[in-house]
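Input: a single structure, listed below in structure tokens.
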Amino acid sequence: MFKQTMRFLAVAATAFVFSVGQAYAQAEPTGCAISQQPAVAPFNLRQLHDQLNLSATQEVQWQTAVDAMRETHAAERMNADQMQAREETLLQQPILDLSALHAAHENVVAQDAPLPEQSAKAWLTFYSGLSDQQKTIFSAALRPYLEEVAHHAARPFEPRTGL
Numbered sequence: 252m253f254k255q256t257m258r259f260l261a262v263a264a265t266a267f268v269f270s271v272g273q274a275y276a277q278a279e280p281t282g283c284a285i286s287q288q289p290a291v292a293p294f295n296l297r298q299l300h301d302q303l304n305l306s307a308t309q310e311v312q313w314q315t316a317v318d319a320m321r322e323t324h325a326a327e328r329m330n331a332d333q334m335q336a337r338e339e340t341l342l343q344q345p346i347l348d349l350s351a352l353h354a355a356h357e358n359v360v361a362q363d364a365p366l367p368e369q370s371a372k373a374w375l376t377f378y379s380g381l382s383d384q385q386k387t388i389f390s391a392a393l394r395p396y397l398e399e400v401a402h403h404a405a406r407p408f409e410p411r412t413g414l
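Going by this note's numbering, the letters in the sequence shown line up with residues 252 to 414, in that order.
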């Protein structure tokens, strides 16, 4: 059970890295005085794809995983855009309707909840079809990102309350 849980967490982290890895490559906002360099270079899916030398079956699984990742990201982005539009409408009222704001937020959370699981399952299917040599290459590419995630606290520490 522990091994299966750890494998799921690793794949979930993989899906997260694949879907958010390019965020480091975005330009710095104007007027930002402090520049924080990412601890790990952006993840390059094309380079990893080329290194793996995939068979035809593996190529189909790769494409399925990438498509699932893209669809997940697009759905999350669309939900966020809808939430933002709804918030802008609600914030224009003279008296804020906090219940409506909360309901809109809960709706987006409910819509986004199953999306990472779909992407993770696709990547798990792909990973299970790799040979040991390919898994070694995949692991070497993914390890720096998983190590970065492992060094961050699960929740931010609040020094004022100790929580």
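Beta carbons: idealized from backbone N, C-alpha and C, even for Gly.
(request) Starting from the C-beta of residue 323, find all residues in its chain whose C-beta is less than 7 Å away, skip the five residues before and the five after it, and write them out in chain order. (result) Along the sequence shown, one-based indexing puts residue 323 at 72. Counting only Cβ-Cβ distances below 7 Å, and skipping sequence neighbours, we find 270, 366, 367, 369 and 370.
(request) Would you tell me roughly how many angstroms separate the C-alpha atoms of residue 376 and residue 329, rounded to the nearest one? (result) Counted from its first residue, the sequence shown places residue 376 at position 125. Counted from its first residue, the sequence shown places residue 329 at position 78. One C-alpha to the other measures close to 26 Å.
(message) Going by C-alpha to C-alpha distance, which of 384, 326 and 347 sits closest to residue 305?
(response) Numbered from 1 along the sequence shown, position 54 holds the residue referred to as residue 305. The shortest C-alpha separation from residue 305 is found at 384.
(request) Ignore the nearest five residues each way along the sequence and tell me which others in residue 326's own chain have a CB closer than 6 Å to its CB. (result) Walking along the sequence shown from the start, residue 326 turns up at place 75. Contacts found: 366.
(request) Measure the alpha-carbon distance for residue 391 versus residue 351 and round it to whole angstroms. (result) Numbered from its first residue, the sequence shown carries residue 391 at position 140. Numbered from its first residue, the sequence shown carries residue 351 at position 100. C-alpha separation (whole angstroms): 46 Å.
(message) Assess contact between the region 356-365 and the region 329-338, defined as three or more Cβ pairs (one per stretch) separated by less than 8 Å. Is contact present?
(response) yes
(message) Please state whether the Cβ-Cβ distance between residue 388 and residue 314 is less than 9 Å.
(response) Translated into positions along the sequence shown, residue 388 becomes position 137. Translated into positions along the sequence shown, residue 314 becomes position 63. No, Cβ-Cβ distance for residue 388 and residue 314 is not below 9 Å.
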